[in-house]
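Take 161 as the starting number for the sequence shown in my numbering and just add one per residue.
For glycine and all other residues, C-beta sits at the position ideal for the given N, C-alpha and C.
A quick write-up on the structure given underneath.
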Amino acid sequence: MPSLFASYLRVYEPLTAFDRERQVFWREYAREGRDMGLVEGPARQRTAVLEALGAGWTRLPDLPDEAYVLEWDGSVLVCPWNLRLRVAEAALNARDGVPAVLADAFVPPVLAGQAKAVVEDWRSGAKVLEQGVPRVHEQTATWGVPLRWFAFVDLEEREIALSGRRKVLRYRTEISKARRRAHRAVSVLRKSLGDAPITEAVEEGTRWLEEFHPRSVVELDYGGLVNLLPEDSLTEDDSPGLVAAGLSALSRGDAESASEAYEKLVARWRVVQLLERCN
161 MPSLFASYLR VYEPLTAFDR ERQVFWREYA REGRDMGLVE GPARQRTAVL EALGAGWTRL
221 PDLPDEAYVL EWDGSVLVCP WNLRLRVAEA ALNARDGVPA VLADAFVPPV LAGQAKAVVE
281 DWRSGAKVLE QGVPRVHEQT ATWGVPLRWF AFVDLEEREI ALSGRRKVLR YRTEISKARR
341 RAHRAVSVLR KSLGDAPITE AVEEGTRWLE EFHPRSVVEL DYGGLVNLLP EDSLTEDDSP
401 GLVAAGLSAL SRGDAESASE AYEKLVARWR VVQLLERCN
């Protein structure tokens with residue numbers, strides 16, 4: 161389930177990425193203004209998941225299709241929520257690390273079986289073949305931003321709004337640019353570090369980006385994290401620039417400069433991660 165203190169990596173696809181039935185649905189959905197904003201959306205997703213899991217835990221309910229909508233260069237793009245998948249993942253997560261007796265009480269085996277089938281269906285790519293859409297349009301990370309995400313965006317693409325009651329910090333870019341950056345990052349990391357965990361993580365993200373329509377838009381959204389950071393930290397944040405500097409240093413064989421950029425980045429986000437333990 162998405163946390164209110166989470167960041168998000170989203171892909172918005174043009175309507176032409178979907179089959180004809182979905183195109184009609186999403187076009188009408190956008191025209192009627194039924195979509196929810198990025199500020200309210202995560203809380204609504206969380207509520208929908210909790211309500212679905214609280215309905216007796218006997219079956220996975222059929223949830224309404226919801227999405228974020230973005231107008232980009234005169235076109236309508238959508239980022240579906242995939243709520244049924246989120247409910248399935250939440251049901252399986254509820255069983256993790258819990259004794260079997262308690263796990264069965266919270267999530268009966270029949271429901272766990274349905275949830276597992278839904279998750280495996282999406283991971284196997286069956287939905288791609290059946291409906292012509294990728295598996296998941298939104299990735300979520302709690303209490304921080306995965307450092308690999310910064311490799312997909314550029315500091316110049318930042319959008320920031322700190323005035324008023326709601327603060328926003330996000331990056332948006334064409335998926336073609338995100339893919340080029342991702343492939344370059346993988347190349348540099350593989351040559352410099354080999355099969356390191358960070359290399360594999362960036363490769364996984366690169367494969368995920370390749371699933372989407374070539375005219376899609378990628379968004380890295382700080383989400384609720386903006387409420388944990390002072391305004392000067394948000395204004396001065398240059399995390400994508402640090403990642404770019406680190407990769408550039410690695411490509412030159414300058415390990416010292418690369419380590420300096422990496423350590424600065426890790427230290428910055430460790431402050432946010434430690435807030436999770438505060439009460």
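When the beta-carbon positions are compared, residue 315 and residue 383 stay at least 8 Å from each other. Residue range 166–174 is occupied by the beta strand (DSSP E) that includes residue 166, with no alpha helix (DSSP H) assigned at that position. As the crow flies, the alpha-carbon of residue 336 is around 29 Å from that of residue 415.
The count of Cβ pairs closer than 8 Å, one atom from the segment 336–350 and one from the segment 234–247, stays below three, leaving the stretches out of contact. Listed in chain order, the beta strand (DSSP E) runs fully inside the segment 346–394 are 377–381, counting runs of at least 3 residues. Contact check for residue 230 and residue 237: beta-carbon distance about 5 Å, within the 8 Å limit, so the pair qualifies.
Rounded to the nearest whole angstrom, the C-alpha separation of residue 329 and residue 199 is 11 Å. With distances taken between CA atoms, residue 333 lies nearest to 310 out of 310, 362 and 183.
Annotation for residue 330: the continuous beta strand (DSSP E) segment containing it runs 328–334.
Contact between the segment 367–383 and the segment 419–431 is absent: fewer than 3 CB-CB pairs across the two stretches fall below 8 Å. Fewer than three beta-carbon pairs drawn from the segment 171–189 and the segment 386–394 are found closer than 8 Å, and the two stretches are therefore not classed as touching.
Burial state of residue 385 is buried, judged by a 10 Å Cβ sphere holding 16 or more other Cβ atoms.
For residue 237, the beta-bridge partners assigned by DSSP are 174 and 230. Counted as a single uninterrupted DSSP element, the beta strand (DSSP E) harbouring residue 301 occupies residues 298–302. With a beta-carbon spacing of about 20 Å, residue 246 and residue 305 fall beyond the 8 Å limit used to define contacts.
In the DSSP assignment, residue 423 falls within the unbroken alpha helix (DSSP H) covering 415–434. In the three-state scheme derived from DSSP, where H, G and I count as helix and E and B as strand, residue 318 is classed as strand.
One alpha carbon belongs to residue 360, the other to residue 407, and they sit about 15 Å apart. In the structure shown, residue 281 falls within a helical segment according to DSSP collapsed to helix, strand and coil. Contact between residue 173 and residue 372 is confirmed by a C-beta separation of about 6 Å, below the 8 Å threshold. Residue environment analysis places residue 436 among the exposed positions, since fewer than 16 neighbouring C-beta atoms fall within 10 angstroms of its C-beta.
Residue 353 sits away from residue 362, with the two beta carbons spaced by 8 Å or more.
Note on residue 413: under 16 other CB atoms within 10 angstroms of its CB, so exposed under the neighbour-count rule.
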